[in-house]
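Visitor: Take a look at the following structure, please.
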Amino acid sequence: MNIYKQIKSEILNASHIVITSHKSPDGDSVGSSLGLQRFIEKLGKSAVICHPDIAPEFLFWLDTSQILLMTDQPQEVTAAFQKTDLIFCLDYNGTDRIGPDMQALLESATCKKIMIDHHLNPQDFPNLAVSDTSASSTAQLIVELIEQSGHENLLDEHIGTPLYLGILTDTGSFRFPSVLPRTHELLAKLLAAGVKHHLVHEVLNDNNTASRLRLQGYAMSQKLVIMEDYHVSIISLSKEELEQYDYQKGDTDGLANQALSIKGMKAAIVFTERDGMMKISFRSKGEENPVNVLAAEHFDGGGHANAAGGMSKLSVADTLDKIIDLVPKYFPAQ
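Just so you know, we're using my numbering here: the sequence shown kicks off at 2 and counts up by one.
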């Protein structure tokens, strides 16, 4: 029995299923969670999605209101964990990625745990794992689950739309090296199932607020530092600067890719002051310019070779100085 059929068997044998994903949800974590939940419902079962915190507003159109949040509904989330006999761990490779409160619930749960993820260096905590670092996204692996468990016939627009969204966002609109022929094969299956891809692109790209555009314009015009000798661009935004532009969760998404799009850049680093620390996004181009090593070695982070995250407890100025000092070591002058 292949692992996907094993997972289907676990779903059919479970009475209470919980779907979890990482803190600070993104398109892939939300899309894969909703796609899996809807597939499980098509199998005649039910599942509860429990996330550590709320998704960015630009994803609300996916009907994220049904997702239980540890930050807002701790009693309901705790009850779901206490009742469950099967937990899905989507789009994360270590229990610390879901925040301390949900981490405690996950680690104390004695039921079966299934991890479906595409990040490097997975921890050995699940009973079953699909850990495929060659996959473009966790959403792609959910499509694989549906197909390889023998249920491609269940794919429809309702299931496929969040999965398409997950693949779209985690591949930078299909521009990253993680997009392989298999990715497009599965995308074709989603379109054949009724997903209206043009509408997904419209909802994602045509929903800017004036304050978000002003914040991003300020960041690019006033806060962009270009280390020309090393082909690295850096943007930093303080708490006060975010508040000045009425920051909402998700407003700085895409800034790192904008900074990376500058001609000649091989890496971009963007960090913002939130929740008492610096949240850092790293982006790069090419196998010869990995950023996950920098994130892991100096900023308690990690991720993919060309897309990683991290954090710093230093001030904005000190974090910027630290990054500027490290850039020559990781991106030698050319």
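We put the CB at the ideal spot given by N, CA and C, even for glycine.
For Cys51, write down the residues that DSSP places opposite it in a beta bridge.
Guide: For Cys51, which the question treats as bridged, DSSP gives the partners Thr21, Leu69.
Visitor: Which whole-angstrom value describes the C-beta separation of Phe40 and Ile147, a residue pair presumed to lie in contact below a C-beta threshold of 8 Å?
Guide: That belief holds up - the Cβ atoms of Phe40 and Ile147 are roughly 6 Å apart, short of 8 Å.
Visitor: Gly303 and Asn293 look like a contact to me (Cβ under 8 Å); what is the Cβ gap, rounded to whole Å?
Guide: Rounded, the Cβ-Cβ distance is 5 Å, consistent with contact.
Visitor: Does DSSP put Ser30 in a helix, a strand or coil?
Guide: Helix.
Visitor: Where does the unbroken alpha helix (DSSP H) through Met221 begin, and where does it stop?
Guide: Per DSSP, Met221 belongs to the alpha helix (DSSP H) from 211-223.
Visitor: Looking only at DSSP bridge pairs, what is Asn228 linked to?
Guide: It should be noted that the sequence gives Met, not Asn, for residue 228. Beta-bridge pairing links Met228 to Val233.
Visitor: Ordered along the chain, which non-local residues of its own chain (more than five positions away) have a Cβ less than 6 Å from that of Lys113?
Guide: Closer than 6 Å at the Cβ level, and outside the excluded window around Lys113, lie Leu87, Asn128.
Visitor: Among the candidates Met116, Ala260, Ala211, whose CA atom is the shortest distance from the CA of Ser234?
Guide: When each option's Cα is compared against that of Ser234, the closest is Ala260.
Visitor: Assign His185 to buried or exposed, taking buried as 16 or more other Cβ atoms, counted over all protein chains shown, within 10 Å of its Cβ.
Guide: Exposed, because fewer than 16 other Cβ atoms sit within 10 Å of the Cβ of His185.
Visitor: Mark Lys6 as exposed unless 16 or more other C-beta atoms lie within 10 angstroms of its C-beta, in which case mark it buried.
Guide: It is exposed - the Cβ of Lys6 has fewer than 16 other Cβ atoms within 10 Å.
Visitor: Using three-state DSSP, classify Arg176 as helix, strand or coil.
Guide: Three-state DSSP puts Arg176 in coil, outside helix and strand.
Visitor: Between which two residues does the alpha helix (DSSP H) harbouring Asp273 extend?
Guide: The sequence given here places Thr at residue 273; Asp does not occur at that position. First-last for Thr273: 268-275, but that is the beta strand (DSSP E), not the alpha helix (DSSP H).
Visitor: Note the first and the last residue of the continuous alpha helix (DSSP H) segment covering Gly167.
Guide: That run of the alpha helix (DSSP H) goes 158-171.
Visitor: Is DSSP giving Phe300 helix, strand or coil here?
Guide: In this structure, Phe300 counts as coil in the three-state DSSP scheme.
Visitor: Three-state secondary structure (DSSP) at Gly310?
Guide: Note: Gly310 maps to strand in three-state DSSP.
Visitor: For Phe61 and Leu216, what's the separation of their Cα atoms in angstroms?
Guide: One C-alpha to the other measures close to 21 Å.
Visitor: Taking the beta strand (DSSP E) that Ala130 falls in, what are its first and last residues?
Guide: First-last of the beta strand (DSSP E) with Ala130: 129-132.
Visitor: Mapping DSSP to helix, strand and coil, what is Phe126?
Guide: Coil, per DSSP.
Visitor: So, do the segment 37-52 and the segment 151-166 have three or more beta carbon pairs nearer to each other than 8 Å?
Guide: Yes, the segment 37-52 touches the segment 151-166.
Visitor: Counting along the chain, where does the beta strand (DSSP E) carrying Phe283 start and finish?
Guide: Per DSSP, Phe283 belongs to the beta strand (DSSP E) from 278-285.
Visitor: So, at 7 Å on beta carbons, what are the nonlocal neighbours of Asp301 in its own chain, with the 5 sequence-adjacent residues on each side left out?
Guide: Correct list, in chain order: Gly311, Met312.
Visitor: Starting from Asp102, trace the alpha helix (DSSP H) in both directions and tell me its first and last residue.
Guide: Here the alpha helix (DSSP H) through Asp102 covers 101-109.
Visitor: From Asp73 to Asp54, what distance separates their C-alpha atoms?
Guide: For Asp73 and Asp54, the distance between alpha carbons rounds to 8 Å.
Visitor: Per DSSP, which one or two residues make a beta bridge with Ile325?
Guide: In DSSP, Ile325 forms no bridge with anything.
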